[in-house]
Amino acid sequence: MAASATTRRAAVGASTGVLAVVLSFAFASSTRVAVALSLFLVILIKGMVLLTSAQLRATHPVIARAALTVVVIDVVLFATYFFPANTNSNLAIGAAMSIVLLGLSFLTGASGQISLGNGAFMGVGAFAMAIWANHHATSPIAVGLLVAVVSGAAMGLLLGLPATRLRGPYLAGMTLAFAVAFSAILSSFNSWTGGDSGLQLPTAATPPQWLLNFFGPGTSLLTTNSMWTADIAIFVAGIAFFFMANLFASRTGRAMRLIRDNDVAAELVGVSLPRTRVVAFVVSSAYAALGGSLTTLIDNAVSPSTYSFALSITILSLVVIGGIGTIPGALIGGIIFAYSNSVITWITNQTGLNPQGNLASQLNGIIFGVLLIATMLFAPMGIAGTVRHLRHRRRRRVPG
Amino acid sequence: MITIEHLSVSFGAVQALRDVSMEVATGKITAVLGSNGAGKTTLLRTISGLEEPTTGSIDLDGKSLLRERPENIARLGVGHVPEGRGVIGEFTVEENLRLGAMISTTPLRAGLDEQYERFPVLGERRKQHAAKLSGGERQMLAMARALIARPTVLLLDEPSLGLAPLITAQLMRAIHDLCSTGSLTVILVEQNASSALRIADHAVVLHLGSVVANDTADLVAADEKLRQYYLGMVE
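Laid out in structure tokens, this is it:
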């Protein structure tokens, strides 16, 4: 029975794939675009075929998660081709921020630690990327991102080691101190960080020549910077979400949740509290740094004022609004962050507020504050947590 | 064998254990009895490394457990089922068991099957969230989680707490069966003295942190004074 279902699914997948390739070549404007379109459709179909297998989801959850990641990246990357520049820009910002939120959501939701310094860790990654790019102008973007991740992880380790002795408000206090001191730290290394004015990237992020050559002159594919940076951010976010989903479900992830719920029980089953807490802290910092480095790439510059203490509070608020300890919650928070500026513009347009005025400049904080209070009142588990709760409740009500 | 000598534990001005000395024989069940505040839980927590003694020593087969971290003591073969059980309600039965298997050297599947065989109800509910289990089932899960790591010593803190008499009797039988091979040593902390004495080989009675009796379970059960004043077993 199961074998016939698998065969049927494989047959449907193969025939749909062949049809997709034929249609791509029939309707695409050039052979190369047809190849790209075929590739998109075949990946999509193959991913969907894998995802519809309940057996695969149960026996090989990592492969199922990989298939989901590939399908989502495939679809969103394809969509960026059709989106206007500002939508792509928002997508890029949202993807970068969702990585940061995912890191904090993991730290708080899985290991039960609170950090008020993830804005500063984001800044570590942002500046590491900019400094690296300024000293190695020809270095590939991937290397810059890797340097940022390593810098964030190293800083996380530095702060995480003493943090293992601290709990609750004391740990929050220590990360708060780091967030507040971060601007001063940046100023102390003027020659590296550019002082108050920050740093510019030597060149804007542009698609590599081989990719441009592939599509040939005259096609608009991948030629806009906003689309390229959006594609990078989405691709990196997809990989980051894939790793985090596996970490959540792994032995380490389970051990962290045990520590969060009952640290005594965790110790008694052989979990090392200090080591596990440091791992959570390092992972969270590395994710924040990765998000920060993507932000530098998107903005083509980095400024110390961006990574103020207020950003750390915004990050924490977004994690709570999206849903602590949930993967979709980080995505929701990222989207809210990305579109907050558009909402402010809409409000100022609708109300006739002076965009340069005092009230308009405070609107960002007001919006997040109202959202946070509303979440606490009506959906304390955050948006994703509440949706999951409602779905579970509805499933319980369905007889059988 | 666990050898405890002159063990004292203080929490500020409060002395929870005072000069406690006892030997726990390998492959036997030793019941630690006493009223609330006698120091029973503190004794188990100190063996597991969760509390630091002010004086005294704890040796497991000649190796000192003092100043070892709890996770290392667990790796040395001491399994501890704490009061309240410590199972994670949002995890399934199997996920809870996998947590216990983290320090096990035996293959996970074999370990799981062994526990499902020992506690069939857990096998039937392996995909269910632990929050949905009854009190007795939760206790079995907590014990199975400790046992999956194949400990040589099992510390059980109030396993009958909140359970119906029938379930308590089943549980005590299960604990008795655990020691039937003679390779597992059990220290059983209980307020339900009569149930514990029924299955124990040896019994230690604590009162305000001091040992007031240390003898075979039969002799402790037969001592009218102990029964009346320290164990609350009034006929």
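As you go down the protein sequences, you meet chains A and B in turn. Heads up: the first sequence begins at 776 in the working numbering, then just goes up one per residue. Heads up: the second sequence begins at 2 in the working numbering, then just goes up one per residue. Just so you know, even glycine gets a beta-carbon here, dropped at the ideal spot from N, CA and C.
Rounded to whole angstroms, R70 of chain B and R46 of chain B show a C-alpha spacing of 12 Å. At a cut-off of 8 Å between beta-carbon atoms, P54 of chain B makes no contact with chain A. Ranking B:I59, B:F92, B:I5 and B:K29 by CA distance to the CA of N1037 of chain A puts B:F92 first. Annotation: A175 of chain B is outside any beta strand (DSSP E); the continuous alpha helix (DSSP H) that includes it extends over P166 to L179. In this chain, the alpha helix (DSSP H) harbouring N861 of chain A covers A860 to S880. Sixteen is the threshold: when 16 or more other Cβ atoms of the shown chains lie within 10 Å of the Cβ of T42 of chain B, as they do, the residue is buried. Shown here for R110 of chain B: not one same chain residue has a beta carbon closer than 8 Å to its own, the five before and five after excluded.
Along the stretch 1020 to 1037 of chain A, going in chain order, the ones with a CB nearer than 8 Å to a CB of chain B are R1026, R1029, A1030, R1032, L1033, D1036 and N1037. Chain order gives no chain B residues near V850 of chain A, where near means a beta carbon separation below 8 Å; the closest approach is about 31 Å. Counted as a single uninterrupted DSSP element, the stretch harbouring E95 of chain B is not any beta strand (DSSP E) but the alpha helix (DSSP H) occupying residues V94 to G101. Contact check for G927 of chain A against A1012 of chain A fails: the beta carbons are separated by 8 Å or more. When the alpha-carbon of M1002 of chain A is set against those of A:R1163, A:R1169 and A:D1074, the nearest one is in A:D1074. Rounded to the nearest whole angstrom, the C-alpha separation of E24 of chain B and M2 of chain B is 7 Å. Relative to the Cα of G1160 of chain A, the nearest Cα in the group A:A842, A:S880, A:I818 and A:N909 belongs to A:S880.
Going by beta carbons, I1158 of chain A and G1098 of chain A fall inside the 8 Å limit. Any Cβ of chain A closer than 8 Å to the Cβ of E72 of chain B would place that residue at the interface, and such an atom is present. Judged by DSSP secondary structure, F12 of chain B falls within the beta strand (DSSP E) whose first and last residues are I3 to F12. Boundaries of the alpha helix (DSSP H) around M897 of chain A: N893 to H910. The Cβ of A131 of chain B sits no closer than 8 Å to any Cβ of chain A. Residue contact with chain A for L123 of chain B: absent (no Cβ-Cβ distance below 8 Å to any residue of chain A). For V1044 of chain A, the three-state secondary structure derived from DSSP is coil.
For R68 of chain B, not one C-beta of chain A is nearer than 8 Å to its own C-beta.
Residue burial annotation: F902 of chain A is buried, with at least 16 other C-beta atoms found within 10 angstroms of its C-beta. Put simply, of B:A131, B:V82 and B:T107 the residue whose alpha carbon is nearest the alpha carbon of A150 of chain B is B:T107. Cβ neighbours of A1085 of chain A within its own chain (closer than 8 Å, five residues either side excluded): G894 and G1140.
Following the DSSP letters along the chain, one finds I48 of chain B inside the alpha helix (DSSP H) bounded by residues K41 to I48. When secondary structure is reduced to three states using DSSP, N1037 of chain A falls in the coil class, being assigned neither helix nor strand.
Assigned with DSSP and collapsed to three states, E125 of chain B falls in helix.
Interface with chain A (8 Å Cβ-Cβ cutoff): E159 of chain B is excluded. As summarised for the stretch 907 to 953 of chain A, the continuous alpha helix (DSSP H) elements at least 4 residues long and confined to that stretch are 916 to 938, given in chain order. Against chain B, a Cβ distance below 7 Å from V1039 of chain A picks out L51, P83 and G87.
Interface criterion not met: the Cβ of G970 of chain A is under 8 Å from no Cβ in chain B.
By the neighbour-count definition (other C-beta atoms within 10 Å, threshold 16), S1115 of chain A is a buried residue. Following the DSSP letters along the chain, one finds Q888 of chain A in no alpha helix (DSSP H), marked with neither H nor E.
Distances from the alpha-carbon of A938 of chain A to those of A:G1028, A:T1051 and A:I1148 put A:T1051 closest. Closer than 8 Å at the C-beta level to chain B, one finds no residue of the stretch 1072 to 1097 of chain A.
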